[in-house]
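J.: My numbering puts the sequence shown at residues 153 to 1097.
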Amino acid sequence: MQSASDRHEYPAHWEADVVLRDGGTARIRPITVDDAERLVSFYEQVSDESKYYRFFAPYPRLSAKDVHRFTHHDFVDRVGLAATVGGEFIATVRYDRIGADGMPASAPADEAEVAFLVQDAHQGRGVASALLEHIGAVARERDIRRFAAEVLPANTKMIKVFTDAGYTQKRSFEDGVVRLEFDLEPTDRSLAVQYAREQRAEARSVRRLLVPGSVAVIGVGRAPGGVGRSVLGNIRDAGFTGRLYAVNRAFPQDLKEVDGVLAHRSMRDIDEQVDLAVVAVPAEYVPDVVAECGEHGVQGLVVLSAGYAESGPDGRERQRELVRQARAYGMRIIGPNAFGIINTSADVRLNASLAPEMPRPGRIGLFAQSGAIGIALLSRLHRRGGGVTGVTGVSTLVSSGNRADVSGNDVLQYWYDDPDTDVVLMYLESIGNPRKFTRLARRTAAAKPLVVVQGARHGGAAPQGHAVRATRLPHATVSALLRQAGVIRVDTITELVDAGLLLARQPLPAGPRVAILGNSESLGLLTYDACLSEGLRPLPPLDLTTGASAADFHEALSHALADETCDAVVVTAIPAIGGASTGDAELAEALRSAAERVPGKPVLVVHVELGGLAEALSAAASTAPQAATTAPGIANRAHPFRPLDFPADPPPAPTDTAPRLIPAYPAAERAVRALAEAVKYSQWRREAADPGRVPEYDDIDEKGAARLIGGLLARGQGLTLGTDETADLLGKYGIQVHRALHAPTPDAAADAARTLGYPVALKATAPHLRHRADLGGVRLDLADEEQLRRAYAELTELFGTPEELRPVVQGMAPRGVDTVVRAVIDPAAGAVLSFGLAGAASQLLGDMAHRLIPVTDREATSIIRSIRTAPLLFGWRGSKPVDTPALEELLLRVSRLVDDHPEVVAVTLEPVVVATHGLSVLGASVRLAPPPARDDLGPRTLPSY
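1. Figure out for me which residue from His-416, Asp-411 and Tyr-397 has the closest Cα to the Cα of Gln-405.
2. With burial defined as no fewer than 16 other Cβ atoms inside 10 Å of the residue's Cβ, what is the status of His-160: buried or exposed?
3. Using alpha carbons as the reference points, say which of Ala-628, Asn-503 and Val-1057 lies closest to Pro-979.
4. Where does Gly-963 sit, in a helix, a strand or coil, going by DSSP?
5. What separation, rounded to the nearest whole angstrom, lies between the Cα atoms of Gln-658 and Leu-756?
6. So the candidates are Ala-344, Gly-482, Leu-304 and Ile-516; which of them puts its Cα closest to the Cα of Phe-325?
7. Would you report the Cα separation of Ala-1081 and Leu-865, rounded to the nearest angstrom?
8. Using alpha carbons as the reference points, say which of Ala-965, Arg-931 and Glu-937 lies closest to Leu-950.
9. Return yes when the Cβ of Leu-1094 is within less than 8 Å of the Cβ of Thr-177, no when it is not.
10. Determine, using beta carbons only, whether Val-442 and Ala-556 come nearer to each other than 8 Å.
11. How is Val-649 classed by DSSP in three states: helix, strand or coil?
12. So Met-310 is in the alpha helix (DSSP H); what residue range does that whole segment cover?
13. Starting from the Cα of Arg-472, find the closest Cα among Ser-531, Leu-530, Val-399 and Asn-554 and give me that residue.
14. Quick one: grab the DSSP three-state call for Gln-197.
15. Tell me whether the beta-carbon of Thr-548 lies closer than 8 Å to the beta-carbon of Leu-362.
16. Taking the alpha-carbon positions, what's the Thr-219 to Pro-1083 distance?
17. Please name the residue in Asp-1009, Leu-530, Ala-291 and Glu-462 whose C-alpha comes closest to that of Asp-1131.
18. With a threshold of 6 Å on Cβ separation, who are the neighbours of Arg-822 within its own chain once the five nearest residues in sequence on each side are excluded?
19. Nearest by alpha-carbon distance to Pro-693: which of Ala-682, Ala-504, Ala-703 and Gly-883 is it?
20. From the DSSP secondary-structure annotation, give me the bridge partner or partners of Ala-301.
21. Give the single residue among Thr-897, Pro-847, Val-279 and Val-170 whose Cα lies nearest to the Cα of Gln-1051.
22. Give me the Cα-Cα distance between Ala-259 and Val-290, rounded to the nearest whole angstrom.
23. With 16 other CB atoms within 10 Å as the buried threshold, where does His-165 fall?
24. Using a Cβ-Cβ cutoff of less than 6 Å, which residues in the same chain neighbour Arg-230 once the five nearest sequence positions on both sides are dropped?
25. Compute the Euclidean distance between the alpha carbons of Asn-503 and Ile-494, then round it to the nearest angstrom.
26. So, using beta-carbon positions, are Met-483 and Gly-459 closer together than 8 Å?
27. Let me know if Gly-1101 comes out buried or exposed under the rule of 16 or more other beta-carbons within 10 Å of its beta-carbon.
28. Using the C-alpha atoms, what's the distance from Thr-698 back to Leu-675?
29. How many Å lie between Gly-607 and Leu-633 at the Cα?
30. Who pairs with Ser-1072 in a beta bridge, going by DSSP?
31. Whole-angstrom Cβ separation of Asp-169 and Arg-179, contact assumed at under 8 Å?
32. What does Asp-978 pair with, by DSSP beta-bridge criteria?
33. Using a Cβ-Cβ cut-off of 7 Å (strictly less than) and excluding sequence neighbours within five positions of Gly-652, which residues of its own chain qualify?
34. Report the option in Ser-215, His-274 and Ala-662 whose CA atom is closest to the CA atom of Glu-240.
35. Can you tell me whether DSSP reads Pro-163 as helix, strand or coil?
36. Alpha carbons only, please: which of Ser-552, Thr-596 and Arg-594 is nearest the one belonging to Ser-582?
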C-alpha cells in the first residue's frame, strides 16, 4: 500500500503486457512499497558492470534508504516502472521531475531525469525500449514534456536505446558524461520506430509458435481416440522434424512410449527444452498445466481445451485468468477452444491441429477464428487446389478459437515478411483492434494480397468468447474502410478460396481489359456478361468451336497474351463429344506453354464437367466441326476435359522460376469475380505507391479553434453546438455556412428576408421534416414578401404551428447537386469521413463512401468518384458538371478539423449544394466531447483482457 504522503492512488491503467524483441512477453507495472524484496532480489542479480553504469560508481548493494526511495512514489513527480516475468523484476525505469536548476521540482516544471537498469540475463531483448515507451507515456500524462538522461560513454547499449527511439533530441558531453535531452511528443520517426519494433516482436512471438524445435502434447489419452491422442498422431504422421513428447499425469510409471512417442507423466520429467505445448486437458486442469509449462521455460501454448468464454460468464473469467497466467511466464497462447496450427515447411512439417491430414505445401497463409471454417477452408483448398498446370497449397494455418491472446493482427505481423507466404486468406468473426488491423492490413497489402471474409457481420455482436470493443459503424462502412486499406473483401468462403487460388500463383493484371477465348460460344458470352457486371472491360469473345484442339487453344492464348489491348485472359473449355476430344493433360500443357511466353498477364480457366454424361455420349458420332490440326507431339485423349486429380505426392516447393499455376473455376461468374478483385487490388497497389498528401491551408486558424473548443467544453462533457457556434468553429477552418435566420412568426420571416435579401428559401427544421424536401417542408425562390408570407401560411396549414415546424429563412444558393459530408470518431475504428448525395441516395440506398481521417488529396478525389451516383456530379445526361475541386477542398478541410481536434466527435454538413462554380453549405451541426482514448498513439501493449 502507498503511504499517506503519496498524492495519487495506484494507477492501475499503467499496467500492460508487452511483447519483447525475442517474442517473449513481460508485464510492465508501477513499482510500489510492496516491491521492496523484489527490488533487492533483482538488484542482487545485476552484474557489477551494469550497476556501475547505472550509478557511475561501484554500488554492490542497495541501502535501506535506496530501497525506500526506489519503492515510494507519488506517481506524479516521482514514478518507477518495472518489467516483470513470473512476478519477478527483470528491469526497472524511473523518472524524477526537475526544475531549470536540475533539482527536484513539481508542476509546472515539465522536465524529468530518467534512468534504467536491466538485468544482464535479459539485456538485448528490447526491455529498455519497451520501458522507455511506457515511461514516456506516463510522463506525458503527468504534463512532462522532456526527458534528460546522463549516461557514461562506455554504456553504448543505453545510449543506443535513447538515440534509436526516434524522438527529437539534443546531445552534449560534459565532465565525462553524455547528457541526452529529448522531447516526448511523438514524431513520425518515433512512431515509425515503434511500429517497426512492434512488427519484429509480434512476428517473432508467432514464429516461436509456428516453428518450434520441440513440442509436448499434454493430455494424451492412454487409449486410442480423444483430442490429445489424435493431435499427437497428427503431429507424428506429418513428419514433424523436431522432438515430440506425450504428457499425461495418468500414465503408468513404467510407460515409456505412446504410439512411438516418448511418454512422460509431467513436464518436469522432460530434461530437454520444450518450445511449444499443445494443451488438451479439461479446463479445470489447465492452470496446473500452464504453471508446469511456465516453470519449464515453454515459449508458447496451443490450448485446444473448451469451456472458456464461449460457455458463459464463468468461462470468460476462466479465460481471463488463463491469459494472465500465461503472460506472467512470458508465454503466448493460441486459443483456447482452438482448432490448432499447421506449418507445411519442409524444415518443420508441424500439424498441431485436429486436421487428420497435412495439407499440401504451398504459398497461402490461412487464418480462421472458427475451427469449423478452418476445416472448410482446408477442405475447399484440397478440392480446388488443383489448377490446370499443378496444385496450390498452404504455407501455414492458424485457427485461433476464442482469440484470447494471439489474434489476426499478430499473425499478419508474421506473414508480412514471411518468405514462404505469398497470399493471406483470413476468416474473421470479430476485429479486436480495427484501428491497428487497418494499419497492418495496409502495410501487408502493399507487399502481398490480403483476402478477408467477415462472419457474424449482421449479427450486431461479437461471437461468444471474443472480447472486442464495440463499433457504432455499420458493416458496409467497416468493409469500405478495409478496402481503403487494400484488403480484398469477399462475402463467402467460396469467394475467399477463388480469389486466393488466382492470387497465389498468377501475376496481377495491369488493367481491366479481358480477352475471352474458348470452345463454347455460349460460355464465352456468359463470361463476357459476367465481366461487364463486375466492371471489367471484356473484348469480344473468340469462339474456337467445340472441335478446337490443344494446338488451337495454344495459338489463341499466345495471340491474346501478346495483344497490348489485353490485361488478362479467361479461357473457357467444355468437353468435346467424339474420339478427337481434347484431354486435360493436353490442354494443360498447351495453356502452360503459351502462358510461359508472356508471364506478366494472368490466365484463368473456366471449365464445364459433364462426367458420366460425357462418357455415355462419347461413342456417338460428333456433329461438331473437327479440328484440322493438333498440337505437335500431343496425342488426343478419348475422354473429355475435367479438373485434374490431386497427385499422391506433394509438389516441390515453388521457386521464383517455377511455372505459374493456372487456376480453374467451375463457373464463369466465379472466375470473373476473382479476376475483378485482382484488378481492383492491382489498382490499389499502384495508387498506394503515391497516396497523396494532406494539404496545408493558410487560412486555417488551428489555435483559435482550440481555444473555442476548450471554452465550449468547459460547459460540460459533451454538447451539440448551436447554429452560431457551429458557424464560428467551421469558419476557423475556412468552411462558410450559408446564413439562416429563425422565423417564429410571419413578421419575423419578413424581417429575416429583408436582412438577407431576396430571393430566399423558407424551410421547416423540425426533426421529422429536416432535409426532407420531398415532404414539402421547403419553399424555394421566394422573390418578395408576398410570396414569403403565402409560403409561410401554406407550411403552417400543412404541418402545424411554427413551434412544431421551427421555420428558418435562408438566402438562395446557386442551383446544383445536393450532397452530404459527415465525419465521426468511432471508439474502435477511429475518425471516419463519409460522403454521398443528399436524400434518398444516401438514406435509402446507403450510397455513401468512407475514408479514414486524415484524408489525402488523392483520397478526397477518389471518395467523390466512388459512390454509385457519382455520374450526377460529372455531367450525367447532358447536365453541366459541378465544381468537384471545391468539393474536394471541403472534404479536406473537414478532415483537417477532426484530425487536429479529436474533441470534434461528429460533424454533419447537409445539404452541401455543389454548383458549376463553388458550393454552399446550407446546414451544419457539430458535436463536441472529450476525445476517446487512442491506443495507436500510446506505447506498445498487448490487448488487456
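Where a beta carbon is used, it is the ideal one built from N, C-alpha and C, also for glycine.
Source: prediction; values computed, not measured.
T.: A quick look at the data gives this:
1. Residue numbering aside, residue 405 sits at position 253 when the sequence shown is read from its first letter. Ranking the options by Cα distance to Gln-405, first place goes to His-416.
2. To locate residue 160, count along the sequence shown from 1; it is residue 8. Per the 10 Å Cβ criterion, exposed.
3. Translated into positions along the sequence shown, residue 979 becomes position 827. Answer by Cα proximity: Val-1057.
4. Position 811 of the sequence shown, counting from 1, holds the residue named residue 963. Taken through DSSP and simplified to helix, strand or coil, Gly-963 comes out as strand.
5. For this step, residue 658 is matched to residue 506 along the sequence shown. For this step, residue 756 is matched to residue 604 along the sequence shown. Their Cα atoms are separated by approximately 9 Å.
6. Your numbering for residue 325 matches position 173 in the sequence shown. Answer by Cα proximity: Leu-304.
7. Here residue 1081 corresponds to residue number 929 of the sequence shown, with the count starting at 1. Here residue 865 corresponds to residue number 713 of the sequence shown, with the count starting at 1. When rounded, the distance between both Cα atoms is 7 Å.
8. If you number the sequence shown from 1, residue 950 lands on position 798. Comparing Cα positions, the closest option is Arg-931.
9. Residue numbering aside, residue 177 sits at position 25 when the sequence shown is read from its first letter. Residue numbering aside, residue 1094 sits at position 942 when the sequence shown is read from its first letter. The answer is yes: Cβ separation under 8 Å.
10. Locating residue 442 in the sequence shown gives position 290, where the first residue counts as 1. Locating residue 556 in the sequence shown gives position 404, where the first residue counts as 1. Their beta carbons are not under 8 Å apart, which means Val-442 does not touch Ala-556 by this criterion.
11. Sequence index remark: in the sequence shown, residue 649 carries index 497 (1-based). If DSSP states are grouped into helix, strand and coil, Val-649 belongs with the helices.
12. In the sequence shown, residue 310 corresponds to position 158, counting from 1. Unbroken alpha helix (DSSP H) run through Met-310: 308-315.
13. Against the sequence shown, residue 472 aligns to sequence position 320. Closest option to Arg-472, Cα to Cα, is Asn-554.
14. Translated into the one-based positions of the sequence shown, residue 197 becomes position 45. Gln-197: coil per DSSP, three-state reduction.
15. Counted from its first residue, the sequence shown places residue 548 at position 396. Counted from its first residue, the sequence shown places residue 362 at position 210. At a Cβ-Cβ threshold of 8 Å, Thr-548 and Leu-362 count as neighbours.
16. The residue you call residue 219 lines up with position 67 of the sequence shown. The residue you call residue 1083 lines up with position 931 of the sequence shown. Reading off the sequence shown, one finds Val at residue 219, where the question assumed Thr. Between Val-219 and Pro-1083, the C-alpha separation is close to 39 Å.
17. One cannot answer for residue 1131 here, as it falls past the ends of the chain, which runs 153 to 1097.
18. Here residue 822 refers to the residue found at position 670 of the sequence shown. Counting only Cβ-Cβ distances below 6 Å, and skipping sequence neighbours, we find Asp-650.
19. The residue given as residue 693 occupies position 541 in the sequence shown. The option with the nearest alpha carbon to Pro-693 is Ala-682.
20. Position 149 of the sequence shown, counting from 1, holds the residue named residue 301. Answer is Leu-332.
21. Taking the first residue of the sequence shown as position 1, residue 1051 is located at position 899. For the record, residue 1051 in the displayed sequence is Asp; it is not Gln. Of the candidates Thr-897, Pro-847, Val-279 and Val-170, the one whose C-alpha sits nearest the C-alpha of Asp-1051 is Pro-847.
22. One-based indexing of the sequence shown puts residue 259 at position 107. One-based indexing of the sequence shown puts residue 290 at position 138. So the alpha carbons of these two residues sit roughly 14 Å apart.
23. Here residue 165 refers to the residue found at position 13 of the sequence shown. Exposed: under 16 other Cβ atoms inside 10 Å.
24. Numbered from its first residue, the sequence shown carries residue 230 at position 78. A distance below 6 Å between beta-carbons, with the five flanking residues on each side excluded, links Arg-230 to the following residues of its chain, in chain order: Asp-248.
25. The sequence position of residue 503 within the sequence shown is 351, counting from 1. The sequence position of residue 494 within the sequence shown is 342, counting from 1. Straight-line Cα distance between these residues: approximately 5 Å.
26. By 1-based counting over the sequence shown, the position of residue 483 is 331. By 1-based counting over the sequence shown, the position of residue 459 is 307. Cβ atoms of Met-483 and Gly-459: not closer than 8 Å.
27. A question about residue 1101 goes unanswered here, because the residues of the chain that appear run from 153 up to 1097.
28. Here residue 675 refers to the residue found at position 523 of the sequence shown. Here residue 698 refers to the residue found at position 546 of the sequence shown. Cα to Cα, the separation comes out at about 11 Å.
29. If you number the sequence shown from 1, residue 607 lands on position 455. If you number the sequence shown from 1, residue 633 lands on position 481. The alpha-carbon atoms of Gly-607 and Leu-633 are separated by roughly 17 Å.
30. Here residue 1072 is taken as the residue at index 920 of the sequence shown, counted from 1. For Ser-1072, DSSP records a beta bridge to Val-1065.
31. Position 17 of the sequence shown, counted from the first residue, corresponds to residue 169. Position 27 of the sequence shown, counted from the first residue, corresponds to residue 179. That pair is a contact at about 5 Å.
32. Taking the sequence shown and counting its residues from 1, one reaches residue 978 at position 826. DSSP lists Gly-982 as partners of Asp-978.
33. As a position in the sequence shown, residue 652 is number 500, starting the count at 1. Taken in chain order, the residues that qualify are Ile-516, Val-575, Leu-577 and Val-603.
34. Translated into the one-based positions of the sequence shown, residue 240 becomes position 88. Among Ser-215, His-274 and Ala-662, the Cα nearest to that of Glu-240 belongs to His-274.
35. Walking along the sequence shown from the start, residue 163 turns up at place 11. Coil.
36. Counting from 1 along the sequence shown, the entry for residue 582 is found at position 430. Closest option to Ser-582, Cα to Cα, is Ser-552.
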